[in-house]
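S.K.:
2 protein chains.
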Amino acid sequence: MLEFTVEDLSAEEIERLRAIYEPLAVSVRELVDATIRTEVDADTVAAVKADIDAATARLRSNQIDGAFGVKRTTSGQSMSWGNAVIGLRNPIAPPLDIHRDPDGRYWCDFDLGAAYEGPPGHVHGGVSALVLDHVLGEAASPDGKPRFTGSITVRYPRACPLGALHAEAQITRVDGVKTFVSGYISDAEGITVEADGVFITPRWLRD
Amino acid sequence: MLEFTVEDLSAEEIERLRAIYEPLAVSVRELVDATIRTEVDADTVAAVKADIDAATARLRSNQIDGAFGVKRTTSGQSMSWGNAVIGLRNPIAPPLDIHRDPDGRYWCDFDLGAAYEGPPGHVHGGVSALVLDHVLGEAASPDGKPRFTGSITVRYPRACPLGALHAEAQITRVDGVKTFVSGYISDAEGITVEADGVFITPRWLRD
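Same order as they appear, the protein sequences are chains A and B. Take the first sequence: its letter number 22 is residue 22 in UniProt numbering, and every next letter is one higher. Take the second sequence: its letter number 173 is residue 173 in UniProt numbering, and every next letter is one higher.
1. Let me check you understand the geometry: is the CB of I98 (chain B) closer than 8 Å to at least one non-hydrogen atom of the ligand ADP?
2. Looking only at its chain, what residues have a beta carbon closer than 8 Å to the beta carbon of T153 (chain A), apart from the 5 residues adjacent to it on each side?
3. Excluding the five sequence neighbours on either side, which residues of its own chain have a C-beta within less than 7 Å of the C-beta of G104 (chain A), listed in chain order?
4. Hey, is W107 (chain B)'s beta-carbon within less than 9 Å of any beta-carbon in chain A?
5. If contacts are defined as beta-carbon pairs under 8 Å, then G82 (chain A) and R72 (chain A) qualify, I think. What distance do you get, rounded to the angstrom?
6. Does the stretch 64-79 of chain A come within contact of the stretch 7-21 of chain A, defined as at least 3 CB pairs closer than 8 Å?
7. By the 10 Å Cβ neighbour count, where 16 or more other Cβ atoms means buried, how is D133 (chain B) classified, buried or exposed?
8. Can you list the alpha helix (DSSP H) stretches of 4 or more residues lying completely in the stretch 10-60 of chain A, in chain order?
9. So, with DSSP's three-state summary, where would you put W204 (chain B)?
10. For the stretch 45-52 of chain A and the stretch 50-59 of chain B, state whether three or more C-beta atom pairs, one from each stretch, are separated by less than 8 Å.
11. Check whether chain A comes within 9 Å of H134 (chain B), counting only Cβ atoms and requiring the distance to be less than that.
12. What residues of chain A sit near R155 (chain B), judged by a beta carbon separation below 8 Å?
13. Can you name the start and end residues of the alpha helix (DSSP H) that A139 (chain A) belongs to?
14. Looking at chain B, is there any beta carbon in it that lies within less than 9 Å of the beta carbon of G190 (chain A)?
15. Using a Cβ-Cβ cut-off of less than 7 Å, give me the residues of the stretch 41-54 of chain A that come near chain B, in sequence order.
16. Which residues in the same chain have their Cβ closer than 6 Å to the Cβ of K145 (chain A), if we skip the five residues on either side of it in sequence?
17. Answer yes or no: does any C-beta atom of chain B fall closer than 9 Å to that of Y184 (chain A)?
18. Quick one: what's got a C-beta closer than 6 Å to A47 (chain B)'s C-beta in the same chain, skipping five residues either side?
19. How many Å lie between A11 (chain B) and S78 (chain B) at the Cα?
20. Between H124 (chain B) and chain A, is there a C-beta pair that is closer than 9 Å?
21. Note down the Cα distance separating D111 (chain B) from D33 (chain B), rounded to an integer number of angstroms.
22. If you run the structure through DSSP and keep just helix, strand and coil, what is residue 231 (chain A)?
23. How big is the Cα-Cα spacing for V177 (chain B) and V45 (chain A)?
24. I'd like to know whether the C-beta atoms of L165 (chain A) and V123 (chain A) end up nearer to each other than 9 Å.
25. What are the residues of the stretch 68-83 of chain A that lie near chain B, defined by any Cβ-Cβ distance shorter than 7 Å?
26. Does any C-beta atom of chain B lie closer than 9 Å to the C-beta of I98 (chain A)?
27. Looking at G126 (chain A) and L130 (chain B), is the spacing between their C-beta atoms short of 9 Å?
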């Protein structure tokens, strides 16, 4: 059911594409933030909106059908550039840059601004769930083969402020097709959100 | 800790502000989608990026400090316009328009496109968690007073395709400061994601 496109892209070609499209997403992330926070007057908003509509039309003059998908290169690299959490071409994604330690711990430092707000000045609880679902899912897939969330439980011991945050996750147990992972989000004061997930090896990846 | 700003805004003034700023967010949502899907060449991307940076600078020439927050009017209306899920000024928000039936069922129909992708062609599991956290949270607060997620468990019986979706939630039980809520997301074929949450009445709202 899930189509992971395989394309014969060289490392140089991937880098060339990244250099073209990543800066655009960076700029649109800034625009998203400004759109929420601006207090300019109606005429200025209308003029800016017209410019944005023109920009969108230029970008749409040549575009793919549907969503970006996940492209895999023949060398085994995975390009999740449209992904809602890590996609370098997706302005909605913070985007998370997840690191792996030799001991199997996955972690990232990231910053969440106005676009991720729920309670005043704080991260939307669902955004914390979004981040943790992704970080736990990466930790569940140390061989690079995807595992999918079977279930995840997220607990909120404390409201999570917007700003600089840290997330990490680690496998706690593997039982057949089920991989159990735990993780958390923390700020400078300590843990704000915790999660436990069960990730499933898809049928087509089972031995 | 949470500052809900109270402002003396009339219904007419709120409507005037909505008419100015909502269309801008609608346009930026389209731009987000186009940014992910475009295949235009490097020169066009660079020109578009310059236009977007100029638009952002104009919007930022007069902007609030920090995030939008949640403004409450003296008449008791709540303006969560920056919210990551329902914020009409937030281009990241789909945004969800949640309805309440007389029997206490909360529901919404919505559409998720390229910006919400995880597995190819499918909704990111964390985005489903984000949506459900919000819809369950609304259902937990039928008196309009906020309740905050204590914990939420999300189960994924089936991969959720991008496109037209439906979500709903309902209180199953109230026990002191804890409100228990269940809900789901479905597509035309049936349920794709289920959630159970415990929502907590904050200390400052308890009798």
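Ideal placement from N, C-alpha and C gives every residue a C-beta, glycine not left out. Being a predicted model, the structure only gives us computed values, none of them experimental.
M.R.: Working from what's here:
1. For the structure depicted, the ligand ADP is absent and the ligand set is empty, with no information on it obtainable.
2. Taking C-beta separations shorter than 8 Å and ignoring five residues to either side along the sequence, the partners of T153 (chain A) in its chain run A195, D196, G197, following chain order.
3. Excluding residues within five positions, the ones whose Cβ falls inside 7 Å are P142, Q170, I171.
4. no
5. With a Cβ gap of about 14 Å, G82 (chain A) and R72 (chain A) do not count as contacting.
6. yes
7. buried
8. 11-37, 42-60
9. helix
10. Note that the stretch 45-52 of chain A touches the stretch 50-59 of chain B; at least 3 beta-carbon pairs, one per stretch, sit closer than 8 Å.
11. Yes, H134 (chain B) counts as interfacial toward chain A.
12. Within chain A, the C-beta atoms nearer than 8 Å to that of R155 (chain B) come from G150, S151, in chain order.
13. 125-139
14. no
15. Against chain B - using a Cβ distance shorter than 7 Å - the residues of the stretch 41-54 of chain A are A42, T44, V45, V48, K49, D51, I52, D53.
16. L205
17. By this cut-off, Y184 (chain A) is not an interface position.
18. none
19. 11 Å
20. Chain A, which has a Cβ nearer than 9 Å to the Cβ of H124 (chain B), makes this yes.
21. Spanning the two alpha carbons is a distance of roughly 13 Å.
22. Nothing about residue 231 (chain A) can be reported from this structure: the residues present for chain A run from 1 to 207 only.
23. 44 Å
24. yes
25. Within the stretch 68-83 of chain A, the residues whose Cβ lies closer than 7 Å to any Cβ of chain B are, in chain order, F68, G69, V70, G82, N83.
26. no
27. yes
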